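Asker:
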Ligand code: NAD
Ligand code: TYD
């Protein structure tokens, strides 16, 4: 079945907006995109303002909540959706610790609602692709990698809610024959990420000469993947992946948090010029650790490499330099997010 009307949920968030840009500008996809997003604090439709203008025939935005079954029903009735790429989620671990409720609602109940909708319209659904995280596997010690058969052992309310949603997606394939694929990806970085996550937060604080908070001793390790490499992997899985299968996606870029923060300091010093008080590394401040902080994530992505011929193209050096440049150059996007003005625009445009 050919995909002609792809519903992208969470398309105003970080990865979703990059995915829509990739789909319309860089992939071989010829059809339409329906971007369904509730526009939570993490969403910024301004990330896609140029896309909305340039592709009026192929790009539609609908403000709707995946927890609202009636709203979903209306979207499926109005648009001949034949594929779903599901990004919409509450995505920040720290927020899941201070307020897990929204994570259960969106990540579990919202995914369930979407699966039910796909089941209802199953005869026209070519694919339900579920975007998930490596955090479902829990934490590694110094050795080893997550593979597709690593048992799930989530440690935060965020990762537990994502693990539950992965199981639901898999169950809908086994039980109802829904054509599904799942990807479990490592930490992404790149343009348009909300500056509460490590990399954009550190870039912007470094630019402004503010303190750079590093949790614990900064030894926790993440496997960083440039967002466009992730988008390319998702599209490959959607077009060539095997239904019912999961694919691990990683960057082959393991890095301790302290090393990431130091690299950002050095790039910002070089690109923006040093601060009068000296190199930005002096701004690093070790703060209280995150409760239940996973120590190390590392992905074995040999399955997607051998079966779909995917590999990351950015190294951490090239990807980080691009990302820092993006945040330094896109001052309007940054200032509107930092000041909260982007919310006023959303309210004016879509009503809150
Ligand atoms: P994000 O927080 O930047 O964006 C999430 C988007 O979902 C926002 O636009 C938000 O408005 C929307 N949303 C939230 N609740 C909604 C609801 N109830 N109904 C409709 N829309 C809703 O997240 P992201 O970093 O772009 O992550 C996207 C997906 O990728 C998530 O499923 C996440 O678990 C997964 N993932 C993220 C990473 C990462 O490093 N960021 C890594 C692996 C997997
Ligand atoms: P984050 O970007 O929140 O992603 P995740 O928790 O999903 O991996 O955090 C990345 C790593 O950086 C994680 O080990 C926590 C750490 N961290 C800090 O040290 N300081 C910060 O201010 C933030 C937001 C994260």
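Residue numbers (the numbering used here): 1 to 352. Even glycine gets a Cβ: it sits at the ideal position worked out from N, Cα and C. For clarity, every value in this text was computed on a predicted model and none was experimentally measured.
#1: State buried or exposed for residue 42, treating a residue as buried only when at least 16 other CB atoms are found within 10 Å of its CB.
#2: Can you list the alpha helix (DSSP H) stretches of 4 or more residues lying completely in the region 234–283, in chain order?
#3: So, using beta-carbon positions, are residue 128 and residue 93 closer together than 8 angstroms?
#4: Taking the straight line between their C-alpha atoms, what separation do you get for residue 33 and residue 301?
#5: Would you mind listing the beta strand (DSSP E) stretches within the region 117–143 that are 3+ residues and don't spill past its ends, in chain order?
#6: If you measure from the CB of residue 69, is any heavy atom of ligand 1 nearer than 7 angstroms?
#7: Terminal residues of the continuous beta strand (DSSP E) containing residue 52?
#8: Let me confirm a value: residue 130 is counted as buried when at least 16 other C-beta atoms fall within 10 Å, else exposed. Which label applies?
#9: If we require 4 or more residues per run, which alpha helix (DSSP H) segments fall completely within the region 25–90?
#10: For ligand 2, any of its heavy atoms closer than 7 angstroms to the Cβ of residue 25?
#11: Let's test the definition: count the other Cβ atoms within 10 Å of the Cβ of residue 184 and tell me whether it reaches 16, buried, or not, exposed.
#12: Measuring only from the beta carbon, is residue 197 closer than 7 angstroms to any heavy atom that is part of ligand 2?
#13: Going by alpha carbons, who is nearest to residue 279 out of 11, 241, 115, 270?
#14: Just tell me which of 14, 164, 179 has its CA closest to the CA of residue 3.
#15: As an exercise, report each continuous beta strand (DSSP E) stretch of at least 3 residues that is fully enclosed by the region 179–234, in chain order.
#16: Residues in the same chain with beta-carbon distance under 6 angstroms from residue 209, minus the five sequence neighbours each way, listed in chain order, please.
#17: Measuring only the C-alpha atoms, how far is residue 191 from residue 90?
#18: Quick one: what's got a C-beta closer than 7 angstroms to residue 240's C-beta in the same chain, skipping five residues either side?
#19: What does DSSP give as the partner residues of residue 147 in its beta bridges?
#20: How many Å lie between residue 139 and residue 298 at the Cα?
#21: Would DSSP call residue 330 helix, strand or coil?
#22: Can you check DSSP and say which residues form a bridge with residue 9?
#23: Skipping 5 residues on each side, what residues in its chain have a beta carbon closer than 7 angstroms to that of residue 328?
Answerer: So, from the data block:
#1: buried
#2: 257–272
#3: no
#4: 28 angstroms
#5: 127–133
#6: no
#7: That residue, residue 52, is in no beta strand (DSSP E); its alpha helix (DSSP H) goes 49–54.
#8: buried
#9: 49–54, 69–78
#10: no
#11: buried
#12: yes
#13: 270
#14: 179
#15: 180–185, 212–215, 221–223
#16: 275
#17: 19 angstroms
#18: 308
#19: According to DSSP, which records beta bridges pairwise, residue 147 is partnered with nothing at all.
#20: 9 angstroms
#21: coil
#22: 36, 86
#23: 207, 271, 272
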